[in-house]
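In this note's numbering, the protein residues as written are 37 to 380.
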């Protein structure tokens, strides 16, 4: 009788120790997941956001491989990042899926979470490892993704695992939306809403950067101020809507008729500007010819003043010199350009 009692107590102690160990593991995993949630929300870009989500699924849920797929309308899934246990790396995994892959349901928006075993008929990848799980990451706008993990030894995915993976994906979706909203606000703050060109604030920052590059590389830099000729007459005779169309056409010509390295911007009202790095007078003539040909085809005219930057120039000294050259061009009959004199 005593032996039976001892055996019972021993069994109960073993069970309690197993429960204790299981609770300890779950507590550690919860801590890892909580850390991942914080890292996801705080991530400054998509790469670090994906790393935090994959790390949480790997360490917090007991998987041994994590992949971050982009959902592309034309090409299906495309692997972007992998987590190897130490850091996120660019994925070299192919995007081809087995014909019956369960991820097809995610692509088709029929399912947000899928899970199963490598031997299932709908195993998601050609090299699916043991237990797998995947959850869609769908922000309200923009590109969607799939957080995929596999390699778990669980024969059946627990409700806790599925719920935790879904929670990671939900946090990632919210964080992506926040990043995109921040990027859009930054874009709006730095770009003119009518023409899409850089605005005056962005121009000043870019011009200072280009001036620093010019001094460091000992190259030439030209800056142009551009005034739309007779813009008031367009507004007065054809209306403000036509004036807006004219400004958009003007911006289009500047984008299409300049080099990729040139930086057009809307300075204010009917004034535009153009930064032209690494250029000489022959290059200026070629660009001006293309611009005036484009403006003529759009029924527009412009007076342009151009100043070559000198080593001591700043935005505050370069812009006025180009602006003075605009008035010289207008005095010469408009629809032409003039070079500013060198700085005193």
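Think of the CB as a built atom: it goes at the ideal place given N, C-alpha and C, for glycine as much as any other residue.
Open item on the list: Looking at residue 335: is its Cβ nearer than 8 Å to the Cβ of residue 292?
Closed with: As a first step, residue 335 must be located in the chain shown, where it is residue number 299. As a first step, residue 292 must be located in the chain shown, where it is residue number 256. Cβ atoms of residue 335 and residue 292: not closer than 8 Å.
Open item on the list: Please give me, in chain order, every unbroken run of the beta strand (DSSP E) with length at least 3 that falls completely inside the region 167-203.
Closed with: Taking 3 residues as the shortest admissible run, the region 167-203 contains the following complete beta strand (DSSP E) segments, listed from N- to C-terminal end: 167-173, 180-188.
Open item on the list: Helix, strand or coil for residue 377? Go by DSSP, reduced to three states.
Closed with: Reading the chain shown from its first residue, position 341 is the one you call residue 377. Note: residue 377 maps to coil in three-state DSSP.
Task: Reduced DSSP secondary structure (H/G/I, E/B, other) of residue 315 - done: Position 279 of the chain shown, counting from 1, holds the residue named residue 315. The answer is coil: DSSP assigns residue 315 none of H, G, I, E or B.
Task: CA-to-CA distance, residue 167 to residue 194, given in whole angstroms - done: Position 158 of the chain shown holds residue 194. Position 131 of the chain shown holds residue 167. Their backbone Cα atoms lie some 11 Å apart in a straight line.
Task: residue 164 beta carbon less than 8 Å from that of residue 186 - done: For the purposes of this step, residue 186 is taken as residue 150 along the chain shown, with counting starting at 1. For the purposes of this step, residue 164 is taken as residue 128 along the chain shown, with counting starting at 1. Yes.
Task: Nearest residue (CA-CA) to residue 377, options 198, 366, 342, 86 - done: The count along the chain shown starts at 1 and reaches residue 377 at position 341. Per the Cα distances, 342.
Open item on the list: Below 8 Å, how does it come out for the region 195-202 and the region 213-233: are there three or more Cβ pairs, yes or no?
Closed with: With the cut-off at 8 Å, the region 195-202 and the region 213-233 do not touch.
- [ ] Indicate whether residue 182 and residue 113 have their beta-carbon atoms separated by less than 8 Å.
- [x] Here residue 182 is taken as the residue at index 146 of the chain shown, counted from 1. Here residue 113 is taken as the residue at index 77 of the chain shown, counted from 1. The answer is yes: Cβ separation under 8 Å.
Open item on the list: So, under 8 Å CB-CB, residue 250 and residue 238 are touching, yes? Tell me the CB distance rounded to an integer number of Å.
Closed with: The residue given as residue 250 occupies position 214 in the chain shown. The residue given as residue 238 occupies position 202 in the chain shown. Rounded to the nearest angstrom, the Cβ distance from residue 250 to residue 238 is 18 Å, too far for a contact under 8 Å.
Task: Selection from 82, 81, 75 that minimises the alpha carbon distance to residue 92 - done: Locating residue 92 in the chain shown gives position 56, counting from the first residue. Considering only alpha carbons, the answer is 75.
Task: C-alpha distance - residue 296 paired with residue 137, whole-angstrom precision - done: As a working note, residue 296 is residue 260 in the chain shown. As a working note, residue 137 is residue 101 in the chain shown. Spanning the two alpha carbons is a distance of roughly 43 Å.
TODO: My understanding is that residue 246 touches residue 311, with C-beta atoms under 8 Å, so please give their C-beta distance in whole angstroms.
DONE: For the purposes of this step, residue 246 is taken as the residue at position 210 of the chain shown. For the purposes of this step, residue 311 is taken as the residue at position 275 of the chain shown. Cβ-Cβ separation between residue 246 and residue 311: approximately 5 Å, consistent with a contact (criterion under 8 Å).
Open item on the list: DSSP three-state label for residue 330, please.
Closed with: To locate residue 330, count along the chain shown from 1; it is residue 294. Residue 330 carries a helical assignment under DSSP once its states are collapsed to helix, strand and coil.
Task: Residues near residue 79 in its chain [Cβ-Cβ closer than 7 Å; skip 5 each side] - done: Locating residue 79 in the chain shown gives position 43, where the first residue counts as 1. Within the same chain, Cβ atoms closer than 7 Å to the Cβ of residue 79 are found at 85, 88, 211, the five residues on either side in sequence being excluded.
Task: Endpoints, alpha helix (DSSP H) assigned at residue 298 - done: For the purposes of this step, residue 298 is taken as residue 262 along the chain shown, with counting starting at 1. Note, residue 298: premise wrong, no alpha helix (DSSP H); not H, not E.
Open item on the list: DSSP three-state label for residue 367, please.
Closed with: Here residue 367 corresponds to residue number 331 of the chain shown, with the count starting at 1. DSSP places residue 367 in helix when its eight states are reduced to three.
Task: Simplified DSSP state of residue 100, which is helix, strand or coil - done: Taking the chain shown and counting its residues from 1, one reaches residue 100 at position 64. Correct three-state label for residue 100: coil.
Task: Distance between beta carbons of residue 309 and residue 344, contact taken as under 8 Å - done: Residue numbering aside, residue 344 sits at position 308 when the chain shown is read from its first letter. Residue numbering aside, residue 309 sits at position 273 when the chain shown is read from its first letter. Rounded, the Cβ-Cβ distance is 15 Å, inconsistent with contact.
TODO: State buried or exposed for residue 125, treating a residue as buried only when at least 16 other CB atoms are found within 10 Å of its CB.
DONE: Taking the first residue of the chain shown as 1, we reach residue 125 at position 89. Classification for residue 125: exposed.
Task: residue 33: first and last residue of the uninterrupted alpha helix (DSSP H) it sits in - done: There is no way to answer for residue 33, as the model of the chain reaches only from 37 to 380.
Open item on the list: Helix, strand or coil, according to DSSP, for residue 309 in the structure here?
Closed with: As a first step, residue 309 must be located in the chain shown, where it is residue number 273. Strand, per DSSP.
Open item on the list: According to DSSP, simplified to helix, strand and coil, what is residue 353?
Closed with: For this step, residue 353 is matched to residue 317 along the chain shown. Reduced to three states, the DSSP call for residue 353 is helix.
TODO: Identify which residue in 190, 276, 209, 301 has its Cα closest to the Cα of residue 179.
DONE: Position 143 of the chain shown, counted from the first residue, corresponds to residue 179. Nearest Cα to residue 179 within the set 190, 276, 209, 301: 209.
- [ ] Assign residue 273 to one of two classes, buried (16 or more other C-beta atoms within 10 Å of its C-beta) or exposed (fewer than that).
- [x] Here residue 273 corresponds to residue number 237 of the chain shown, with the count starting at 1. In the assembly as shown, residue 273 is an exposed residue. Its beta-carbon has fewer than 16 other beta-carbons within 10 Å.
TODO: Verify whether the separation of the beta carbon atoms of residue 302 and residue 257 is less than 8 Å.
DONE: What you label residue 302 is simply residue 266 of the chain shown in a count that begins at 1. What you label residue 257 is simply residue 221 of the chain shown in a count that begins at 1. Not closer than 8 Å, so no.
TODO: Would you kindly work out how many angstroms separate the C-alpha atoms of residue 290 and residue 300, rounded to a whole number?
DONE: For the purposes of this step, residue 290 is taken as residue 254 along the chain shown, with counting starting at 1. For the purposes of this step, residue 300 is taken as residue 264 along the chain shown, with counting starting at 1. Our two residues, residue 290 and residue 300, have alpha carbons roughly 6 Å apart in a direct line.
Open item on the list: Distance check for residue 371 and residue 357, CA to CA, integer angstroms please.
Closed with: Counted from its first residue, the chain shown places residue 357 at position 321. Counted from its first residue, the chain shown places residue 371 at position 335. Using only the alpha carbons, I get a separation of about 19 Å.
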